[in-house]
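Beneath this line is the structure, given in structure tokens, with notes to follow.
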Amino acid sequence: MSRIITSLAFVVCCGGSTSHVEPSRNPTSEVQARVDRVDGPAAHELVSKGAVLVDVRSPEEFAEKHIDGALNVPLDAVASHDFGGKDTILVLYCRSGHRSEQAATELVKSGYRNVHLLGAMSAWGN
């Protein structure tokens, strides 16, 4: 009798299942893991070798100030913009880094394979 009670207690406490449950996967984390975060010197080097420097701020912000040679593609247009193929090397920036991180996530989800995140425009340096 005590064996039955112990078995029932185990089933109630532990759910009675011995099947393996896969841990849930976070697709956003997986996408972010495929984005290469770079500092100013690394961004300079990538751009000097032909990477496209992309400012994802608004046209008004871009007109006020931007990094020389940057292409302005606002965040809301980045997923539909044609950068010249999914292998194009992209370096993204914005004012503080938040929008460029969102843009990087969108681009990786869209199939871009060479996305580099500078983040804040101030990280570019001189």
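Heads up: the sequence shown begins at 0 in numbering that gives the first Met the number 0, then just goes up one per residue. We put the beta carbon where it would ideally sit given N, CA and C, even for glycine. No experiment lies behind these values; they were computed from the predicted model shown.
With contacts defined by Cβ atoms closer than 8 angstroms, Asp86 and Arg56 do not form a contacting pair.
Collapsing the DSSP output to three states places Asp75 in a helix.
Bridge partners of Asp54 according to DSSP: Asn71 and Tyr92.
Counting other Cβ atoms within 10 Å of its Cβ, Ser99 reaches 16 or more and is therefore classed as buried. Exposed is the label assigned to His97, since fewer than 16 other Cβ atoms lie within 10 Å of its Cβ. Sorting Phe61, Ile88, Pro40 and Ala42 by C-alpha distance to the C-alpha of Arg94 places Phe61 at the top.
Counting the other CB atoms within 10 Å of its CB gives Gly118 a total of 16 or more, which places it among the buried residues.
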